[in-house]
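Chains as they are written, first to last, in the numbering used here: chain A, 1 to 166; chain B, 1001 to 1166.
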DNA sequence: GCAGTTGTTTTGATTAATTCAAAACAATTC
DNA sequence: GAATTGTTTTGAATTAATCAAAACAACTGC
């Protein structure tokens, strides 16, 4: 299996060495050991935010055969507790992961194709963070999910309607 | 337990006949056939909102042995498409069901014990319904989930802290 | 540079929640 | 009261995720 080498005087994979370097730095700064699967997952997640474990496994496994799906789950779990990634679980989808953490942003999900995009707070600051009646709860977070049709699906459903016109 | 019976000339199950009658009416009005499992699920869900399929199965099966878990799933699916119940899927919990539909309300979930309560809109009308940038989406719904500690869990964690003091 | 320690990954199995499909059955319609 | 349509049962399968032990690799200090 390949080793991880960040020293510059080295003719490794070659492509995107600086990229790996910074990703490695991010992982190390989080107090985690830098490993090939972790680099690969972090790179894949940077390229495709809102990916699920299986999709990440596909990408990672392609570039690093021998990586197991369980490894991806393990990497995501460690990234999660290290605060490096955030896990979101929209109804009807498997868990998705994103690197954008710490800010207060929300998600908009297409009800037809399940595409997910980030949306900033509606209000500008902590959104809706005060429920009308918190029932004594110590509220720590407010999660907003918007549901609707993405542009693509609006077009496709419109043309379908047209086609099925008498 | 006292019997409530309004349809006097009827020797049915006897217990809570008026209740069953009205529940039956609700089911029938939704265009669905009235069956024992459906009545039982609707009654159980009225008594314990935010129940999952398994919990409902437990209650239903106790009163109506022979009912299968799949029947409960089937009932909930038909109720769902008939608009009689709403399905919510908080992260980390199995799907929950509630009869409160059509109004715009949200949920507050305890991060420790997973208790779920209804909360009304933060704003009074459609809450946060306009994201900062909808990215071209045709937004149809905004779902807000508050996360925090319920009163009970606040007390329990506080006393735990106290106990573990040096 | 090299060995030890600690943490990570693989391998293989297991669980939880839900869905699918066909046959048996029951509620409304005629 | 019989036919029709839809519902429930039975049994299996699927998906997403988790658990556990052994093999392995990255960082620590020498």
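For glycine and all other residues, C-beta sits at the position ideal for the given N, C-alpha and C.
Proximity test, Cβ basis, 8 Å: residue 1073 (chain B) and chain A: no
Sequence-distant residues of its chain with Cβ nearer than 6 Å to residue 1058 (chain B) (five each side left out): none
Within-8 Å CB hit, residue 1132 (chain B) to chain A: yes
Buried versus exposed call for residue 121 (chain A) [16 or more other C-beta atoms within 10 Å across all chains shown]: Classification for residue 121 (chain A): buried.
Terminal residues of the alpha helix (DSSP H) in which residue 44 (chain A) lies: 36-47
Beta carbon of residue 108 (chain A) nearer than 8 Å to that of residue 1042 (chain B): no
Residue 62 (chain A) (DSSP reduced to helix, strand or coil): helix
Local conformation of residue 57 (chain A) per DSSP, three classes: DSSP places residue 57 (chain A) in helix when its eight states are reduced to three.
Rounded straight-line distance, which links the Cα of residue 56 (chain A) to that of residue 72 (chain A): For residue 72 (chain A) and residue 56 (chain A), the distance between alpha carbons rounds to 7 Å.
Nearest-angstrom Cβ-Cβ length linking residue 1074 (chain B) and residue 1040 (chain B), presumed shorter than 8 Å: Going by Cβ atoms, the distance from residue 1074 (chain B) to residue 1040 (chain B) rounds to 13 Å, so no, they are not a contact pair.
Residue 1091 (chain B) versus B:1038, B:1143 and B:1159, residue with shortest Cα-Cα distance: B:1143
Reference residue 140 (chain A); option with closest CA among B:1150, B:1054 and B:1131: B:1150
6 Å Cβ shell around residue 27 (chain A) - same chain, five flanking residues per side excluded: Closer than 6 Å at the Cβ level, and outside the excluded window around residue 27 (chain A), lie 34 and 38.
Positions along the segment 1140-1160 of chain B whose CB lies within less than 8 Å of some CB in chain A: Those would be 1140, 1141, 1142, 1143, 1144, 1145, 1146, 1147, 1148, 1149, 1150, 1151 and 1154, in chain order.
Coarse secondary structure for residue 153 (chain A), derived from DSSP in three states: The answer is helix: DSSP assigns residue 153 (chain A) an H, G or I state.
Nearest to residue 1051 (chain B) (by Cα), restricted to the options B:1067, B:1068 and B:1095: B:1095
Outcome for residue 1011 (chain B) when other beta-carbon atoms lying within 10 angstroms are tallied against a minimum of 16: Low local confidence applies: a pLDDT of 35 at residue 1011 (chain B) is under 50, so the model's placement there is unreliable, and no value is given.
Integer-rounded CB distance, given that residue 153 (chain A) should sit under 8 Å from residue 112 (chain A): 4 Å
Sequence-distant residues of the same chain with beta carbon closer than 6 Å to residue 48 (chain A), five excluded per side: none
Boundaries (first-last residue) of the alpha helix (DSSP H) holding residue 119 (chain A): Residue 119 (chain A) -> not in any alpha helix (DSSP H); beta strand (DSSP E) instead, spanning 116-120.
Assigned secondary structure, residue 74 (chain A) (DSSP; H/G/I helix, E/B strand, else coil): helix
Below-8 Å beta-carbon distance, residue 1137 (chain B) vs any chain A residue: yes
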